[in-house]
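Chains A, B and C are the protein sequences, given in the same order. Under my numbering, the letters of the first sequence match residues 7 to 174, in that order. Under my numbering, the letters of the second sequence match residues 31 to 245, in that order. Under my numbering, the letters of the third sequence match residues 18 to 416, in that order. Have a look at the structure below before the remarks.
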Amino acid sequence: MPDAPGLELIRGEIEMDHPGAVLDTSFDRGQSALVVDPEQIIALLTWLKDSPGHEYSFLSSLHAADYLPAEPRFVVHYELLNRDRAERLRVKAPLATVDPEIDSCVDLFPTANFQEREAYDFFGIVFRGHPELTRILLPDDYVGWPLRRDFPVGGEPVKFTYNERNYG
Amino acid sequence: MRSRQLRSRDMLRGDLEGEDLERFVEERVVMTNFDKMLGWARANSMFPLTFGLACCAIEAPISIVTARYDLARFGAEALRASPRQADMIILSGRVSIKMAPVVRRLYDQMLEPKWAMAMGACSSSAGMFSNYAVVQGADKFMPVDIYVPGCPPRPEAVLYGFNKLQRKVMGSPDQGWRRRYNAEGTEEWARGGPRSEPSPEAAEAYEAARASIRA
Amino acid sequence: MASPETQTPETTSEVMTINIGPHHPATHGVLRLVVDLEGELVRDLKPVVGYVHTGIEKSCESQSYWKVIPFVERMDYVSYFFQMEAFCGAVERLVDLEIPPRARYLRTIFLELNRIHSHLVWLGTTGLDLGAISMLWYCFRERDKILDLFEMATGQRMHTRYFQVGGVIEDIPLGFEAKLREFIADMPVRIGQYEALLDRNEIFLSRTKGVGIVSRERLLELGVTGPLLRAAGEPWDLRKAFDYLAYPELDFKVPVGTVGDNYDRYRVRLAEMVESVRIIEQSLDGLPEGPYIADDRKYVLPPRSELSTSMESLIHHFKLVTEGYRVESGEVYYSIEGPRGELGCFVLADGSSKPARVHYRDPSFVNLQAFRDMSVDSYVADMIASLGMLDPILGGVDR
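See the structure below:
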């Protein structure tokens, strides 16, 4: 885990190549995170994966979270790992509330295939350029994005024809 | 003892008549009717379907056929993978909304007589998962004959449930309760057979259900 | 017998798309595969999952932190202790709570017992898939011994709710140590028996050797971790890479394969079982005395004996049981080495007594992406063998 000064160094280096990409850094409870501009996410992930001295080449996890009522509401988390130094780095990309969209990183990290579909399935975040962005865990004809904070836990009530016919 | 000997002597002499003779025969010959025998045979030779959904699947059907909790001693050793050959389905695990039509289809593909055991809390009543993704109890879409509570139930509990199901099978071979709930006649037959297409009412109901999901 | 390479296009039939599952005797759970078959060769494969999706992550958002523990342990239903450890570890990092050394060692013991349990279930069911049906009975005989140990310590065979934030819920009872020592003395003999059954079985060898090979680089690209990655030759194990629980103080090896075919995966898992027995033995020998749960009454229930004497304990107990403790805003991602790979837990706290987001990075979900690479351009029977050696647990895949 790069510590707080290490994190600022990384930010400085990124600023030289991609100015304006990093919006914020945070070092909380021993874990470091970079908040980045979602439009430059692919450039940033490529930089982190390839640049010598950093080489975060393993994507442990890609997941999204809903920070309602904070704006922007959806944040996509990329948990990067450098296996040689055993260091983790989190990259967060905040997205707009209405029509959240971000570029897909499947070409860079093929492991993101199923995980981006899961984020789409749960939150409705569209990953541009994903080869097959369909629902993965919920039925294909399900309506609604269940893991959003304003979606009720019980979901939509299921209608069974037997009950409709006999009990109205 | 002495009176029985005297009666036997009378019968051999041809002295017992009418009612005495009838009673004599009844006491000595085991009489049963065909239904009871059929029920006994069905109960002691169930073919369960190898159907495991989630955590309960590790306890049954995998763990109860192993050596410690042997299901084979009750006659249910032959677990069949094809629903056409099975007559009991153990719903072991949570039924999600994506899996529910599949379970119903499997149940329809089983031929009469068939029984269903809802094993565990999740298939009986959704257990702890009262949320959007789990059907709140398998009996919302299929008839269930016996419920075994637990999360997961111990294999001994499942075997006890199985024993109760056996007693139920022996006791009520006509399954009249199914008829009361309109839960009969839903089997799916192979193509070309006499019931290979669903009945008009069933077809209409399927179409209405699909249309209401699409809408 | 014609191999995949010698089948020329003229001799094969057209490509058929066939649906396998979700109910099928050979799938480990309700996995549906849509396979494009050309004769008996698999040309393309698409796994369709979601048939046991339970919405656990959504349910967790409406429970207080300690009530989340029974929910998350039901995800990957064979390695329940690992899910508990991932969540409790994440929350402990969120509230900056340190667990006492006895709890660390006890957690390690139970985690390794669960790892052996998971590998035994894998070996039994994979043997069943491949036709070595007697493996099921032998493996489940040992599995029942492990479940007896779990029941002795926690009261439940599966889904024990044993780990709590701060340590473990109860100390191990008298007689547990003796029974555990008996088990670990016996286990290497049993593993030798499994090897004797399968290692020189010609059918097993021809079904697994040289089958399902995926290169190390491709596995890393796909995010695969755990025994699958180690069988391909990459010595990556989170127990050695990151320090957590009692692993830094224990001496154990990490088995690594060479070729990366199904036979290597089988051998890696068997060797891992032997290493787990060693870890348990060392933990048991070095088990420190002391409290089994942390002292901080803001997060940990006070012992029941104090409730009748101390008013403060009663107030703590009441608050913890009704509302639960509040965690300041923050987020943490904590991952451990599960029996299938990297099991990570992401917890987002928003200041209230319920987590705002609990997400599990499940190893089976990510490893399933490698299944296509393992079985394309090989026979259907090899695909089934690869599926067994991949060891997906659909509860973890679908959550």
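From the three backbone atoms N, C-alpha and C, an ideal C-beta is built for every residue, glycine too. All of these numbers come straight from a predicted model, not from anything done at the bench.
Q: Would you mind sorting Leu222(C) into buried or exposed? The rule is 16 or more other CB atoms within 10 Å of its CB.
A: Per the 10 Å Cβ criterion, exposed.
Q. Mind listing which residues of the stretch 105 to 122 of chain A have their C-beta closer than 9 Å to chain C's C-betas, in chain order?
A. Those would be Phe115, Pro116, Thr117, Ala118, Asn119, Phe120, Gln121, in chain order.
**Q.** Contact set between the stretch 87 to 107 of chain C and chain B, restricted to residues whose Cβ is under 9 Å from the partner
**A.** Residues of the stretch 87 to 107 of chain C with a C-beta atom less than 9 Å from some C-beta of chain B are Pro87, Phe88, Arg91, Tyr94, Val95, Tyr97, listed in chain order.
Q) Which bits of chain C does Ile88(B) rub up against, with CB to CB less than 8 Å? A) Here the neighbours are Tyr94, Val95, Val138, Met175.
(Q) Quick check on Thr96(B): buried or exposed, where buried means 16 or more other Cβ atoms within 10 Å of its Cβ? (A) Burial check for Thr96(B): the Cβ neighbour count within 10 Å reaches 16 or more, so the residue is buried.
Q.
Considering only heavy atoms of the ligand FAD, does any lie closer than 6 Å to the CB of Gly277(C)?
A. Absence of the ligand FAD from the depicted structure is noted, as is the absence of any ligand whatsoever, leaving it without description.
Q | Spatial distance of Glu52(B) from Asp40(B) (CA atoms) | A | Whole-angstrom Cα-Cα distance: 14 Å.
Q. If we call anything under 7 Å between Cβ atoms a contact, is Met92(C) one with Gly412(C)?
A. In contact: Met92(C) and Gly412(C) (Cβ atoms closer than 7 Å).
(Q) Helix, strand or coil for Tyr99(B)? Go by DSSP, reduced to three states. (A) When DSSP states are grouped into helix, strand and coil, Tyr99(B) belongs to the coil group.
Q: Whole angstroms is fine: what's the gap from Pro203(B)'s alpha carbon to Gly69(B)'s?
A: Because the pLDDT of Pro203(B) is 48, which lies under 50, any placement of that residue in the model is unreliable, and the number read from its coordinates should be weighed accordingly. Approximately 6 Å between the Cα atoms of the pair.
Q.
In the DSSP output, which residue or residues are listed as bridge partners for Trp145(B)?
A. Looking at the DSSP assignment, Trp145(B) forms a beta bridge with Met118(B).
Q: Thinking Val47(C) and Ile35(C) are a contact (beta carbons under 8 Å), I'd like their distance in whole angstroms, please.
A: Cβ atoms of Val47(C) and Ile35(C) stay farther apart than 8 Å, at about 17 Å.
Q: Locate the beta strand (DSSP E) running through Arg60(C), then write down its first and last residues.
A: Segment 58 to 65, the beta strand (DSSP E) holding Arg60(C).
Q | Buried/exposed call for Gly160(A), threshold 16 Cβ in 10 Å | A | With fewer than 16 Cβ atoms within 10 Å of its Cβ, Gly160(A) is classed as exposed.
Q.
Does Phe192(B) come out as helix, strand or coil in the three-state DSSP assignment?
A. Assigned with DSSP and collapsed to three states, Phe192(B) falls in helix.
Q: Would you mind sorting Met18(C) into buried or exposed? The rule is 16 or more other CB atoms within 10 Å of its CB.
A: Only weak support is given to the placement of Met18(C): the predicted model assigns it a pLDDT of 45, under 50, and the value that follows is read from those uncertain coordinates. Per the 10 Å Cβ criterion, exposed.
Q: Using a Cβ-Cβ cut-off of 7 Å, state whether Ser81(C) counts as contacting chain B.
A: It does not: the Cβ of Ser81(C) has no partner Cβ on chain B nearer than 7 Å.
Q.
Residues of the stretch 240 to 271 of chain C in Cβ contact with chain A at a cutoff of 7 Å, in chain order, please.
A. Among the residues of the stretch 240 to 271 of chain C, those with a Cβ less than 7 Å away from any Cβ of chain A are Gly240, Trp253, Ala258, Phe259, in the order of the chain.
Q) Which value, in whole angstroms, describes the spacing of the CA atoms of Ala73(B) and Arg197(B)? A) Rounded to the nearest whole angstrom, the CA to CA distance from Ala73(B) to Arg197(B) is 7 Å.
Q.
Whole angstroms are fine: how far does the CA of Ser75(B) sit from the CA of Glu107(A)?
A. Answer to the nearest angstrom: the Cα atoms are 58 Å apart.
Q) With a cut-off of 7 Å, does the C-beta of Pro158(A) fall near any C-beta of chain C? A) By this cut-off, Pro158(A) is not an interface position.
**Q.** Same chain, Cβ closer than 8 Å to Gly201(B), five either side skipped, listed in chain order
**A.** Counting only Cβ-Cβ distances below 8 Å, and skipping sequence neighbours, we find Gly69.
Q. Around the C-beta of Gly210(C), are 16 or more other C-beta atoms found within 10 angstroms, so that it is buried, or is it exposed?
A. Going by the sequence as given, residue 210(C) is Gln instead of Gly. So Gln210(C) counts as exposed.
Q.
Run through chain C and tell me which residues come within less than 8 Å of Tyr162(B), C-beta to C-beta.
A. By Cβ distance, chain C contributes Gly72, Lys75.
Q | For Lys98(A), the first and last residue of its enclosing alpha helix (DSSP H) | A | Element bounds for Lys98(A): not the alpha helix (DSSP H) but the beta strand (DSSP E), 93 to 101.
Q: Please decide whether Ala126(B) counts as near chain C, where near means a Cβ-Cβ distance under 7 Å.
A: Correcting the residue identity first, residue 126(B) is Ser in this sequence and not Ala. Under the Cβ distance rule, Ser126(B) counts among the residues neighbouring chain C, one pair being separated by less than 7 Å.
Q | 4-residue-minimum alpha helix (DSSP H) runs that sit fully inside the stretch 194 to 235 of chain C, ordered along the chain | A | As for any alpha helix (DSSP H) of minimum length 4 sitting wholly inside the stretch 194 to 235 of chain C, the runs are 219 to 225, ordered along the chain.
Q | Outcome for Leu153(A) when other beta-carbon atoms lying within 10 angstroms are tallied against a minimum of 16 | A | Buried, since its Cβ has 16 or more Cβ neighbours within 10 Å.
Q | Given 8 Å, three or more beta-carbon pairs between the stretch 228 to 237 of chain C and the stretch 386 to 403 of chain C | A | Counting Cβ pairs under 8 Å, three or more are found: they touch.
Q. Just reading off the beta strand (DSSP E) that Phe259(C) is part of, what are its end residues?
A. Counting along the chain, Phe259(C) falls outside any beta strand (DSSP E), and DSSP gives it neither H nor E.
**Q.** Beta-carbon neighbours of Ala233(B), restricted to chain A and to distances below 7 Å
**A.** Those do not exist, as Ala233(B) stays about 12 Å from chain A at its closest Cβ, beyond 7 Å.
Q.
Comparing C-alpha positions only, which one of Pro158(A), Asp146(A), Arg123(A) sits nearest to Cys111(A)?
A. Minimum Cα distance to Cys111(A) is reached at Arg123(A).
Q.
Count Cβ pairs between the stretch 62 to 76 of chain C and the stretch 121 to 141 of chain B that sit closer than 8 Å; are there 3 or more?
A. Segments in contact, yes.
Q.
With distance defined between alpha-carbon atoms, name the residue in Ser151(C), Gly184(C), Gln100(C), Thr242(C) nearest to Leu214(C).
A. Comparing Cα-Cα distances from Leu214(C) to each of Ser151(C), Gly184(C), Gln100(C), Thr242(C), the minimum goes to Ser151(C).
Q: Classify Met175(C) as helix, strand or coil using the three-state DSSP reduction.
A: Of the three classes helix, strand and coil, the one that applies to Met175(C) here is coil, per DSSP.
**Q.** Length of the line joining the Cα atoms of Arg37(B) and Val199(B)
**A.** Each residue's Cα considered, the two are about 39 Å apart.
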